[in-house]
Structures are given as C-alpha cells and as structure tokens.
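Chemist: So that we are looking at the same thing, I have put the structure below in structure tokens.
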Amino acid sequence: MLAVSLVDPEALRRAREAAGVSQAQLARVLGLAGGEVVYNWERGHHAPRESLLADLASALGVELSSILRAGPTDLRRLRVLAGLSVDEAAEAVGVSDVTYRRWERGLTLRGPNRAAVQVLAGRFGVSVSAVESAARSSVD
35 MLAVSLVDPE ALRRAREAAG VSQAQLARVL GLAGGEVVYN WERGHHAPRE SLLADLASAL
95 GVELSSILRA GPTDLRRLRV LAGLSVDEAA EAVGVSDVTY RRWERGLTLR GPNRAAVQVL
155 AGRFGVSVSA VESAARSSVD
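The sequence shown begins at 35 in our numbering and counts up by one.
Pasting the structure below:
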C-alpha cells in the first residue's frame, strides 16, 4: 500500500505565491535541483519527502498544517506534524520501523499499547486520547 501524500498541492501553491517566491527560489532554499521539483509538487505529480515538510512550511512562513490535505488525524499526520520520522517514532516506543509503519497503515489487528500511546502523546505534543483516536483512524 503506497502512502498518499499529506500535502495539498493547491494549498502549497497558494502559500508559495502568498510568500512571493518563485518555484525556483523555493527549490533553492530547500537545497533542491530546480523549480520543476516544486512545479511537480504543486501539480500533484510528485510529493515532497516527509523529511522536507517542516523546512518547506518554514520557508513559506506558514504552519505545516496549512499546506496539508484535509483528512483524518491519524498516526501518520500526528507524527508528521510533530516533525518526527518513522524511525524516530519507532525508536521512542521501542518497536521496529516496520511495526510502526504497520500501525500507521492500519495493517495490524492491535495498534500501540497503552505505554506506547503515552510515549507517542509526549513526543507528538498531544493528549493520550488524541493518539488513541489517531490509532483508531489509522485502522479505519
């Protein structure tokens, strides 16, 4: 199962234009090869790597959430908004990255246990109930 991009291409374009930067300028700020990369993001042909999202929002002077697609608040969204990689989230709760990815994709019958939920809540900067709800959304 391929992960769908969390980035809303139209919101990204609007944020870039509001910031008054060209596609090429934004690409340069992010250390990317050229404006065609940003062009493809804004058209929905490709998506920025999750590891670039915080820098992308910062370069545009916006909150990361403002350039994300509307959707359920699942574990992946909470992790991305917290600026964590899969490896960092997995390490925080003492599971493999494979197990953590399965939690995010809803590919397990059981998600994170209570202790893991508490750790994730702390790392994500949200309540325990928000992580519990997100874990359920990841399965739906």
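Using N, Cα and C, we set each Cβ at its ideal position, and we do this for glycine too.
From a predicted model like this one, the values you see are computed outputs, not experimental measurements.
Tell me the DSSP secondary structure of residue 36 in three-state form.
Modeler: Numbered from its first residue, the sequence shown carries residue 36 at position 2. Annotation note: pLDDT 45 at residue 36 (below 50); position unreliable, coordinate value reported separately. Annotated three-state conformation of residue 36 is coil, per DSSP.
Chemist: Tell me the start and end of each unbroken alpha helix (DSSP H) in the stretch 75-153 that is at least 4 residues and wholly inside, in chain order.
Modeler: Entirely contained in the stretch 75-153, the alpha helix (DSSP H) runs reaching 4 residues are, in chain order, 87-94, 109-115, 120-127 and 131-139.
Chemist: So, is residue 85 buried or exposed, given that buried needs 16 or more other C-beta atoms within 10 angstroms?
Modeler: As a working mapping, residue 85 is identified with position 51 in the sequence shown. With fewer than 16 Cβ atoms within 10 Å of its Cβ, residue 85 is classed as exposed.
Chemist: Have a look at residue 128 and residue 56 and give me their C-alpha separation to the nearest angstrom.
Modeler: Along the sequence shown, one-based indexing puts residue 128 at 94. Along the sequence shown, one-based indexing puts residue 56 at 22. Distance between the alpha carbons of residue 128 and residue 56 is about 42 Å.
Chemist: Evaluate residue 141 with the Cβ neighbour count: other Cβ atoms within 10 Å of its Cβ, from every protein chain shown; 16 or more gives buried, anything less gives exposed.
Modeler: As a position in the sequence shown, residue 141 is number 107, starting the count at 1. Flag for residue 141 reads exposed.
Chemist: In the DSSP output, which residue or residues are listed as bridge partners for residue 41?
Modeler: Indexing the sequence shown from 1 puts residue 41 at position 7. Residue 41 is bridged to 102.
Chemist: So the candidates are 121, 124, 46 and 60; which of them puts its Cα closest to the Cα of residue 76?
Modeler: On the sequence shown, residue 76 is found 42 positions in, with the first residue counted as 1. The residue with the shortest Cα to Cα distance from residue 76 is 46.
Chemist: Please list, in chain order, all residues of the same chain as residue 60 whose beta carbon is under 7 Å from its beta carbon, the five residues on each side excluded.
Modeler: The count along the sequence shown starts at 1 and reaches residue 60 at position 26. Taken in chain order, the residues that qualify are 50, 72 and 93.
Chemist: I need the DSSP call for residue 56, collapsed to helix, strand or coil.
Modeler: Sequence index remark: in the sequence shown, residue 56 carries index 22 (1-based). In the structure shown, residue 56 sits in coil (DSSP, three-state: anything other than H, G, I, E or B).
Chemist: Apart from the five residues on each side of it in sequence, which residues of its chain come closer than 6 Å, Cβ to Cβ, to residue 81?
Modeler: Sequence index remark: in the sequence shown, residue 81 carries index 47 (1-based). Correct list, in chain order: 39 and 41.
Chemist: Mind checking residue 151: buried by the 16 CB within 10 Å criterion, or exposed?
Modeler: If you number the sequence shown from 1, residue 151 lands on position 117. Under this definition residue 151 is a buried residue.
Chemist: Cα separation between residue 101 and residue 113?
Modeler: Mapped onto the sequence shown, residue 101 falls at position 67. Mapped onto the sequence shown, residue 113 falls at position 79. Within the model, the alpha-carbon separation for residue 101 versus residue 113 is close to 15 Å.
Chemist: Only counting the same chain, and skipping five residues up and downstream in sequence, which positions put a Cβ closer than 6 Å to that of residue 69?
Modeler: On the sequence shown, residue 69 is found 35 positions in, with the first residue counted as 1. Closer than 6 Å at the Cβ level, and outside the excluded window around residue 69, lie 57, 58 and 61.
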